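Numbering (my numbering), first residue to last: 8 to 247.
For every residue, glycine included, the Cβ atom is placed at its ideal position computed from N, Cα and C.
On a predicted model such as this, the values are computed, not experimentally measured, just so you know.
The structure appears right after this line, and notes come after that.
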Ligand code: SF4
Ligand code: SF4
Ligand code: FES
């Protein structure tokens, strides 16, 4: 039997065994914020902002396949909702995020989930890190102090010929830094550069000369909020 019944926020949901919990929630109109997760790509599990209570344990919902009888709390668990918000606030203080002047504003997933979780200002002290920008490559401007280390670019953007990684993360903890291999970056097609810039959930990988390429009012999350986008994407791919 492939079908299972789980409960999310008291709602009984019939779904398919093995589906990812975050997808099932979104498919059923229950939004869970995500930052590193990309549907149809291997799960990275790096940001933890999708953490929800599963059978009383906090677990990142993009890493969990659903199983029969699972009891999940998302919005009903106020503590969990506040913890997700705190994780988002931490990402803001660990970098330098000056949204009004950022090329990704209106298209940024971090900004969008900040809005969705009603974040106003971080409860944590700002660190104001100083990270050198890298603009040596022909088509990419790397605005390092906005990186949230989700690893999307590291895992999913590779050199087409050799499959070598173009992006990497050096050092650890608070000294972590996103790196770019300039020789490989200069071999990237303009389409691949656009893909990398789009995949980066924040304004760290910037497509040179196309910083502000969408008018205010027509930017991705102004047309559709990140919540609507997540729920609609799942609704459109609904199979159960
Ligand atoms: S990357 Fe996102 S959160 Fe950071 S400054 Fe730009 S728009 Fe704001
Ligand atoms: S550069 Fe962007 S995609 Fe790459 S790790 Fe940083 S935030 Fe993620
Ligand atoms: S979205 Fe689940 S860990 Fe990042």
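For the pair residue 136 and residue 184, the Cα-to-Cα distance works out to about 11 angstroms. Secondary structure note for residue 34: its alpha helix (DSSP H) is the uninterrupted segment 28-34. Only buried fits residue 99, as 16 or more other CB atoms lie within 10 angstroms of its CB. When the beta-carbon positions are compared, residue 140 and residue 101 stay at least 8 angstroms from each other.
One residue list follows from the rule of a beta carbon closer than 5 angstroms to any heavy atom of ligand 1, given in chain order as 104, 106, 109, 111, 112, 115, 117, 118, 153, 209 and 210. The Cβ-Cβ distance between residue 68 and residue 50 does not fall below 8 angstroms.
Note that the C-beta distance between residue 31 and residue 74 is not below 8 angstroms. In the displayed model, residue 38 falls within coil according to three-state DSSP, outside both helix and strand.
In the pairwise beta carbon analysis, the segment 213-228 is classified as touching the segment 146-160: at least three pairs are separated by under 8 angstroms.
By the C-beta criterion, the segment 122-131 is judged not to be in contact with the segment 154-161, since fewer than 3 inter-stretch pairs fall below 8 angstroms.
Taking 8 angstroms as the cut-off, the beta carbon of residue 129 is found no closer than this to the beta carbon of residue 168. In the three-state reduction of the DSSP assignment, residue 128 falls in the coil class, being assigned neither a helical nor a strand state. For ligand 3, the residues with a Cβ under 6 angstroms from any of its heavy atoms are, in chain order, 41, 42, 43, 44, 52, 53, 54, 55, 56, 57, 67 and 69. Scanning 131, 110 and 27 for the CA closest to the CA of residue 219 turns up 110.
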